[in-house]
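Below you can see the structure in the form of structure tokens.
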């Protein structure tokens, strides 16, 4: 063999070896780079405008509220190093630590006042504005009935933020780690307007700063040198990839191309435990998978008999035990039983939940017939769902269950961000979604169904008695009595068949064996600040 042929042969072997190697992004020598599969493409990285969990994952690395997520997702001091509360629970005073934005400009109390006002400004159209109704005059400001300056938040001095509340909120420290309560860099937003979130303009006060965003490929962030604990942050750079194809993402984790992926196909859990031991991780979640009716635009859904028939006809036991198979539990209420401050026993429950499934199918057919739908005039509906594998498995099972009671259901797929945009615009008939708790309290679930919640009350459920019970609970200082009021409100919504709870979610993450610092938790918030990669 000639030397030329030998060289060519060796080069070919090297090329083949490279093709079989993990296709990771280039990482500067001596740096720690984390490759993070993040499920879907964000629609925005604006804290005051974001909506999706996958957006919150990235925003929570870039920005930091008065409190922030500890490794186990419990609230801990963030931009505020300490706080105190008035005796009546209506005034909270937060003392800011000495911190800077990623451009070196000091973070001040004015930035928090500006951010809270921006969330509630009607011009911002924040989908989470209702969370800030707990602040004095928050609802009036959001509805344009009071000026922004009327909001119960003020900068006492550059390092002190005072928040006045409409009613006591023992969960406020959970709320202040939510992106809707984050500060906004006033000096940048006033310069660039909504374009402040673009790479090159975006400044952050968290552990990381935004470097680039290549649509359909990745978002890149690097350690923020001005972060007050930058020396304790192990990861120098993190790439966030949209990974809607769960099986493809699984293979990328197996090859070492991704270190983390925030989901995996549920019915592959047993397989993954064998093929990737220690990588596939499940944990009970503060989340509920459900279906929402568009009661505003679909006349059939105004009839409670139709809503009840569709809910009764879903075989939740089959879905959780045979289809998903990763520990999910059938849901016959909306609030997960593990939620803090929830009733301890005999909680809310769909009235028909204990009937055998066959009897429920018979009753569902009868209810549809009473509402005017039969084999000659079947109910025809379209389900709009995100185009990921787990959701499509679930929707196909629901479609089959509804076919058994004579319902003609069609499934329409869309990318997750597009689907939720359609839900917010009420451009759907039935929507498939999961609600992940924004904070650990029943109100994070029950607040969705208040008549003044806005776009996230996707089914436009309205019941004055329900609203009154939640308002009464807000003013109740006794924790036990408050829990009973919230349970009564939830039972009312269940009796109204306001939505279709299907199952209580199980967190499903793929975490590479090189990753350290990951702590499984029900809230399932995992800040890159706490992670590292073993060599």
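Numbering (the numbering used here), first residue to last: 266 to 800.
Quick reminder that beta carbons are idealized off the backbone N, C-alpha and C, glycines included.
From a predicted model like this one, the values you see are computed outputs, not experimental measurements.
Original post:
By a C-beta neighbour count over all protein chains shown, 10 Å radius and 16 as the cutoff for buried, is residue 584 buried or exposed?
Top reply: The residue is buried, with at least 16 neighbouring Cβ atoms inside 10 Å.
Subject >> Alpha carbon of residue 503 to alpha carbon of residue 790, nearest angstrom >> reply: In a straight line, the C-alpha of residue 503 is about 16 Å away from that of residue 790.
**OP:** Could you say if the segment 694–705 and the segment 553–568 meet the contact criterion of at least three C-beta pairs nearer than 8 Å?
**Re:** With the cut-off at 8 Å, the segment 694–705 and the segment 553–568 touch.
Subject >> DSSP-derived helix/strand/coil call for residue 599 >> reply: The three-state reading of DSSP puts residue 599 in coil, since its state is none of H, G, I, E or B.
Original post:
Should residue 221 be labelled buried (16 or more other beta-carbon atoms within 10 Å of its own) or exposed?
Top reply: Any question about residue 221 goes unanswered here, given that the chain covers just 266 to 800.
Original post:
Using the rule of at least 16 other Cβ atoms within 10 Å of the residue's Cβ for burial, across every protein chain shown, is residue 520 buried or exposed?
Top reply: By the Cβ-count criterion, residue 520 is exposed, with fewer than 16 other Cβ atoms from all chains shown falling within 10 Å of its own Cβ.
Original post:
Do residue 604 and residue 748 come within 8 Å of each other at the CB atom, strictly closer than that value?
Top reply: Their beta carbons are not under 8 Å apart, which means residue 748 does not touch residue 604 by this criterion.
Original post:
Can the beta-carbon of residue 340 be found less than 8 Å from the beta-carbon of residue 442?
Top reply: Yes, the pair counts as a contact, with Cβ atoms nearer than the cut-off.
Original post:
Thinking just about the alpha-carbon of each residue, which of 726, 755, 416, 760 is nearest to the one in residue 738?
Top reply: Checked all of 726, 755, 416, 760; the closest Cα to residue 738 is 755.
Original post:
Near residue 330, which residues of its chain fall below 6 Å by C-beta distance, leaving aside the five closest residues on each side in sequence?
Top reply: Here the set comprises 343, 441, 442, 446, 447.
Original post:
For residue 267, which of helix, strand or coil comes out of DSSP?
Top reply: Note on residue 267: pLDDT 35, under 50, position unreliable in the model; no value is reported.
Original post:
Among 758, 723, 353, which has the Cα closest to the Cα of residue 729?
Top reply: Nearest of 758, 723, 353 to residue 729, Cα basis: 758.
**OP:** Tell me, please, whether the segment 319–334 touches the segment 298–311 by the rule of three or more beta-carbon pairs shorter than 8 Å.
**Re:** Contact check between the segment 319–334 and the segment 298–311: three or more CB pairs, one atom from each, fall below 8 Å, which counts as touching.
Subject >> Residue from 718, 798, 795, 706 with nearest C-alpha to residue 408 >> reply: Checked all of 718, 798, 795, 706; the closest Cα to residue 408 is 718.
Subject >> Pick from 359, 419, 371 that is closest to residue 379, judged by C-alpha positions >> reply: When each option's Cα is compared against that of residue 379, the closest is 419.
Original post:
Which residue or residues does DSSP assign as beta-bridge partners of residue 356?
Top reply: In the DSSP output, where bridge partners are listed per residue, residue 356 has 429.
Original post:
Nearest CA to the CA of residue 365: which residue from 402, 450, 417, 351?
Top reply: That would be 450, whose Cα lies nearest to the Cα of residue 365.
**OP:** Let me know the beta strand (DSSP E) ranges lying completely inside the segment 462–535, each 3 residues or longer, listed in chain order.
**Re:** Runs of the beta strand (DSSP E) inside the segment 462–535: 473–479, 483–488, 502–506.
Subject >> residue 435 - DSSP class collapsed to helix/strand/coil >> reply: Three-state result, residue 435: coil.
Original post:
Which stretch, first to last residue, makes up the alpha helix (DSSP H) that contains residue 660?
Top reply: Under the DSSP assignment, residue 660 falls in the alpha helix (DSSP H) whose first and last residues are 654–669.
Subject >> Extent of the continuous alpha helix (DSSP H) run through residue 321 >> reply: The continuous alpha helix (DSSP H) containing residue 321 extends over residues 318–327.
Subject >> C-alpha distance - residue 276 paired with residue 666, whole-angstrom precision >> reply: Any reading at residue 276 needs caution, since the residue's pLDDT is 38, under 50, leaving its predicted position unreliable; the model's value is listed next. Approximately 57 Å, taken between the alpha carbons.
**OP:** Give me the Cα-Cα distance between residue 674 and residue 611, rounded to the nearest whole angstrom.
**Re:** Cα to Cα, the separation comes out at about 34 Å.
Original post:
Leaving out five residues before and five after residue 762 in sequence, what residues of the same chain have Cβ atoms less than 7 Å from its Cβ?
Top reply: Cβ within range, chain order: 569, 572, 573, 576.
Original post:
When DSSP labels each residue in this structure, what does residue 452 get in the three-state scheme?
Top reply: Helix at residue 452.
Original post:
Which one of 579, 746, 458 has the shortest CA to CA distance from residue 615?
Top reply: Out of 579, 746, 458, 579 has the C-alpha closest to the C-alpha of residue 615.
**OP:** Return the CA-CA distance between residue 355 and residue 429, expressed in angstroms with no decimal places.
**Re:** Cα to Cα, the separation comes out at about 6 Å.
Subject >> Option in 397, 486, 425 with minimal Cα separation from residue 372 >> reply: Ranked by Cα distance from residue 372, the options 397, 486, 425 are led by 425.
Original post:
If you compare alpha carbons, which of 509, 427, 325 is closest to residue 348?
Top reply: The shortest C-alpha separation from residue 348 is found at 427.
**OP:** Report yes if the C-beta distance between residue 338 and residue 788 is below 8 Å; otherwise report no.
**Re:** Yes, they are a contact pair.
Original post:
Does the distance from the C-beta atom of residue 650 to that of residue 684 stay below 8 Å?
Top reply: Between residue 650 and residue 684, the C-beta spacing is below 8 Å.
Original post:
Can you find a heavy atom of the ligand FAD that lies under 7 Å from the Cβ of residue 791?
Top reply: You won't find the ligand FAD in this model; it holds no ligand whatsoever.
Subject >> Pairwise C-alpha distance: residue 760 and residue 751 >> reply: Distance between the alpha carbons of residue 751 and residue 760: 14 Å.
Subject >> Bounding residues of the beta strand (DSSP E) (the contiguous stretch that carries residue 552) >> reply: Annotation for residue 552: the continuous beta strand (DSSP E) segment containing it runs 545–558.
Original post:
Between which two residues does the beta strand (DSSP E) containing residue 708 stretch?
Top reply: No beta strand (DSSP E) holds residue 708; the alpha helix (DSSP H) holding it covers 708–711.
**OP:** Just mark residue 459 as buried or exposed, buried being the case when its beta carbon has 16 or more other beta carbons within 10 Å.
**Re:** Result: exposed.
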